Amino acid sequence: MKKFILFLFLVTAANNANAQSLKWFTDVNEASKEALKSKKPMLFFFTGSDWCGWCTRLQKEVLLTPEFATWADKNVVLVELDFPKRKTLAPEIVQQNKELQQTLGVRGYPTVWFVKANKPEKNGDKIAFSQLGSTGYVAGGPANWIASAESIINKAK
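Per the numbering used here: the sequence shown = residues -9 to 147.
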């Protein structure tokens, strides 16, 4: 019995480590380069990390789960766009986040936008984004949330 409990503990710890080892970008330019290289859409997670209860719930029920980690690793480039009240962000990140919030019309948190990074052509190094669709909190855990995300991403293909 002790071996079985130890086994369950190790499996759970490994799954949680996998979920927490996901690469979340905060710099959209870096994320865009990765998205163009990998040919994956980007997941923009607009959050109020230190004050938004629904954001915390979305993270706990979906974004920090092993199921989400496995799906995200294969399907998207992750970008956290934070609007904290108590934590201080670099001024360039604050500006970037505000610009994207305005561009995508984000009015509440959590909001998740799926976008495709488009290679810059005539406007220098500025990367443009094609909007694929958005979602937020979806009840029912990772399976329901991932199904919702898949419908957005697949609709754009």
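Cβ coordinates follow ideal geometry from the N, Cα and C atoms, glycine included. Since the model is a prediction, treat every value here as computed from it, not as a measurement.
From which residue to which residue does the alpha helix (DSSP H) around residue i run?
| i | result |
| --- | --- |
| A133 | 131 to 145 |
| E57 | 56 to 65 |
| W44 | 43 to 48 |
On the criterion of 16 or more Cβ atoms from any shown chain inside 10 Å, does residue i qualify as buried, or is it exposed?
| i | result |
| --- | --- |
| D40 | exposed |
| K30 | buried |
| Q49 | buried |
| A146 | exposed |
| G110 | According to the sequence as given, residue 110 is Pro; it is not Gly. By the neighbour-count rule (16 or more Cβ atoms within 10 Å), P110 is not buried but exposed. |
| T101 | buried |
| F(-3) | Interpretation of F(-3) is limited by its pLDDT of 42, a score under 50 that renders its predicted location unreliable; the figure taken from the coordinates is listed afterwards. Exposed is the call here. |
| S141 | exposed |
| T148 | The structure shown has nothing for residue 148, since the chain only spans -9 to 147. |
| A118 | exposed |
| N144 | exposed |
Where do the N-terminal and C-terminal ends of the beta strand (DSSP E) with residue i fall, by residue?
| i | result |
| --- | --- |
| G123 | 118 to 125 |
| T93 | Element bounds for T93: not the beta strand (DSSP E) but the alpha helix (DSSP H), 81 to 94. |
| V105 | 101 to 108 |
Cβ of residue i within 8 Å of Cβ of residue j?
| i | j | result |
| --- | --- | --- |
| L71 | N87 | yes |
| G38 | P81 | no |
| W44 | I136 | no |
| G131 | V52 | yes |
| A107 | T125 | no |
| S120 | V105 | yes |
| A133 | E57 | yes |
| F15 | W103 | no |
| D63 | L26 | no |
| V18 | L94 | no |
| M32 | V84 | no |
Considering only DSSP beta bridges, list what residue i is partnered with.
| i | result |
| --- | --- |
| L68 | W14, L33 |
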